[in-house]
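Below: one structure, written as structure tokens.
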Amino acid sequence: MNIRTLDRGNEQEVAKLFHSVFSSSEGEGEGRLIGRLATALTARTDNQEVIGMGACEHGKLIGAIFFTRLRFKEPVEAYMLSPVAVSTAHQGKGVGQALIRHGLNSLKNRSASLVVTYGDPAFYSKTGFEVLSQDLVQAPRPLSMPQGWLGQPLFGDAIPILKSRPACVPEFDDPAYW
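Position one of the sequence shown corresponds to residue 844 (the numbering used here), numbered consecutively onward.
Shown next as structure tokens:
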């Protein structure tokens, strides 16, 4: 398996992966929703505001992950990890964790200090994410499942208290994702 940066030329491949994975696990409606989101993020990938990474095996995309910048009023370099998908045939083999670790290392090299995500605590805790109180770091929009708001510092031991609500990239500025 190799991990590479995704670009606009990967739109169809990424859309197919996310639609398939989320339809399989969450139903067709969720598959369409997350497939559209992944397509929009791929189209906007600029390696600054939207960073996409893909895991490939034998030239085929088997997993993908996105990191998008969060803008707080406080001076902090923060990104949100979401969404991530691994083909059903490759789940349980460490592909998702490898993508996350690769992405976190890449963000450290960019001097980012905080990464948050909104997802399953059981999965993300395997790569160092912990449940976040919104008193510590707010989400860009109200959360339907606050226990899924997770984060980790990339430097030091503590996540800083950030009083401002962050702005997310426009693709995520939709209550359907929160």
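Quick reminder that beta carbons are idealized off the backbone N, C-alpha and C, glycines included. Note that the structure is a prediction, hence the values are computed from the model and not measured.
Using the Cβ count rule (16 or more neighbours within 10 Å means buried), how would you classify E917? For the purposes of this step, residue 917 is taken as residue 74 along the sequence shown, with counting starting at 1. That one is exposed.
Is A1048 buried or exposed, if buried means 16 or more other CB atoms sit within 10 Å of its CB? Shown here, the chain extends from 844 to 1021; a query on residue 1048 therefore has no answer.
Measure the alpha-carbon distance for K913 versus N853 and round it to whole angstroms. On the sequence shown, residue 913 is found 70 positions in, with the first residue counted as 1. On the sequence shown, residue 853 is found 10 positions in, with the first residue counted as 1. Lys is not the amino acid found at residue 913; the sequence shown has Leu there. Rounded to the nearest angstrom, the two C-alpha atoms are 24 Å apart.
Thinking V938 and A898 are a contact (beta carbons under 8 Å), I'd like their distance in whole angstroms, please. For the purposes of this step, residue 938 is taken as the residue at position 95 of the sequence shown. For the purposes of this step, residue 898 is taken as the residue at position 55 of the sequence shown. That pair is a contact at about 5 Å.
Mapping the DSSP letters down to three states, classify G870 as helix, strand or coil. Taking the sequence shown and counting its residues from 1, the one referred to as residue 870 is at position 27. The answer is coil: DSSP assigns G870 none of H, G, I, E or B.
Enumerate in chain order the residues of its own chain whose CB-to-CB distance from F998 is below 8 Å, with the five nearest sequence positions on each side excluded. On the sequence shown, position 155 is the one that residue 998 refers to. Cβ neighbours of F998 beyond the five flanking positions: K951, S956.
What does the Cβ neighbour count give for H862, buried or exposed, with the cut at 16 atoms within 10 Å? Mapped onto the sequence shown, residue 862 falls at position 19. Burial call: buried.
Output the residue ranges of the alpha helix (DSSP H) runs that lie fully inside the region 871 to 912 and measure 4 residues or longer, sorted by chain position. 871 to 887
Considering only the beta carbon of each residue, do P996 and Q977 sit closer than 8 Å? As a working mapping, residue 996 is identified with position 153 in the sequence shown. As a working mapping, residue 977 is identified with position 134 in the sequence shown. No, the Cβ-Cβ distance between P996 and Q977 is not below 8 Å.
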